[in-house]
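Residue numbers (full-length UniProt numbering): 1 to 389.
We treat Cβ as the ideally placed atom computed from N, Cα and C, and that holds for glycine.
Written below as structure tokens is the structure these notes are about.
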Ligand SMILES: *Cc1c(COP(=O)(O)O)cnc(C)c1O
């Protein structure tokens, strides 16, 4: 343990080796497709720079970000043969499309306006410009409608000058395997795809990969499953856990029956209790809604959160915990194999995606790095690299 870690109020550990293993697992699950990775929103809060480098090491060459700025930051970190796709397409501001070209970023064209802009630039530069075209197969979020697709295809200049890499769409209900929307979207996507016969296709996010080979097409776009989030609702999670989170006990105290805890005096003890105050709060993404149903693990004992979660602290009931684990300076487990990100999300009334992307910037971040692939990784070997949060 480094000195910085020994002093940190809370420690976020990100296992890059587990991310690489999850990447390989998804690729094995869909061997006919190429596995890419969604690393938008700072790789779901885990650090796009470190995560993308680990994925590149594991063989990934297709990276999806949402914003142009995310792509620009990532470009110098990735091998030159890696593709970076901008899910939102080129932004509207003047010069944005030239920035895509300059940084070798491939926009996902979501509308007739974005297609026209990219086509105009291709004409101006007199080069073919790469692009993904997204069609809407039922989510009504991004992408061309069936009508707009017809208009583009009927226009002899519609896609002129564009090097169409993939036709893409996105699934709305893929985590619920028997939701009728999945088949409906697949059928709609197939119908659109028939009109772009030479073009490769991409449909599946993490959950979509587990809907079966008909959903795989040519390029997979997992995010959540790479980061250990369960891809199929209600089923065992086949992915390796990636994130663990620990917070330090700042202070302990005993209270009597009738004593109140925290803001709003929202909790009143029914009997004498032993409490510990932790150095983590909602400013760290330890969501305020966890105050009602959340808990942490103190050794092997579940210690419920009592009272409201504050900005920088929360209070837990450690009456049943082993006193040896309950002392100022000790670390308790917020996310661990005993309480996964999905469990925390359930307790908070949200999804694990929101838990990860809410993780604040105050944690001491510990990255467990896999050995580079080409030097073959011995069974349990990993070494920690310290990054200052
Ligand atoms: C975020 C995103 C993904 C990744 O989704 P996961 O559910 O995290 O696997 C894939 N495709 C698109 C278009 C996205 O926006």
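Quick one: grab the DSSP three-state call for residue 145. coil
Based on DSSP bridge pairs, tell me the residues matched to residue 226. In DSSP, residue 226 forms no bridge with anything.
Just to confirm my understanding: we take residue 340, look at its own chain, exclude 5 residues before and 5 after, and list those with CB closer than 7 Å. What are they? 241
Please list, in chain order, all residues with a C-beta atom less than 5 Å from at least one heavy atom of ligand 1. 38, 170, 205, 206, 221, 222, 223 and 224
Using 8 Å as the threshold, is the segment 202–213 in touch with the segment 113–124, meaning 3 or more CB pairs across them? no
For residue 254: DSSP bridge partner residues: 274
Return the CA-CA distance between residue 269 and residue 227, expressed in angstroms with no decimal places. 38 Å
C-alpha distance - residue 96 paired with residue 302, whole-angstrom precision: 51 Å
Once DSSP output is grouped into helix, strand and coil, what is the label at residue 317? strand
Contacting residues, own chain, Cβ-Cβ under 8 Å from residue 106 (five flanking each side not counted): 83, 84, 85, 86, 100, 130, 131, 132 and 165
Using a 10 Å radius around the Cβ and a threshold of 16 neighbouring Cβ atoms, would you call residue 216 buried or exposed? buried
Could you tell me which of 260, 170, 127 and 237 sits nearest to residue 163, measuring between CA atoms? 127
Residues near residue 90 in its chain [Cβ-Cβ closer than 6 Å; skip 5 each side]: 96, 97, 100 and 107
Beta strand (DSSP E) containing residue 134: first to last residue? 129–134
For the alpha helix (DSSP H) containing residue 25, list its first residue and its last residue. 16–29
With a 10 Å radius around its C-beta and 16 neighbouring C-beta atoms as the bar for buried, classify residue 317 as buried or exposed. buried
From residue 60 to residue 251, what does the alpha carbon distance come to, in whole angstroms? 45 Å
So, residue 294 versus residue 261, is the Cβ gap smaller than 9 Å? no
Ends of the beta strand (DSSP E) at residue 168? 162–168
Where the alpha helix (DSSP H) through residue 40 begins and ends: 40–44
Spatially closest choice to residue 288 from 238, 265, 296 and 348, by CA coordinates: 348
Would you check if the distance between the CB atom of residue 333 and the CB atom of residue 298 is smaller than 9 Å? yes
Environment of residue 212 [buried if 16+ CB atoms lie within 10 Å]: exposed
Relative to the C-alpha of residue 73, which candidate in 134, 47 and 88 has its C-alpha closest? 47
Which first and last residues belong to the beta strand (DSSP E) in which residue 215 is found? Note, residue 215: premise wrong, no beta strand (DSSP E); not H, not E.
Note down the Cα distance separating residue 337 from residue 322, rounded to an integer number of angstroms. 19 Å
Closest by CA to residue 112, which one among 10, 149 and 80? 149
Over what stretch of residues does the beta strand (DSSP E) that includes residue 304 continue unbroken? 301–306
Apply the 10 Å Cβ neighbour rule to residue 173 and answer buried if 16 or more other Cβ atoms are within range, or exposed otherwise. buried
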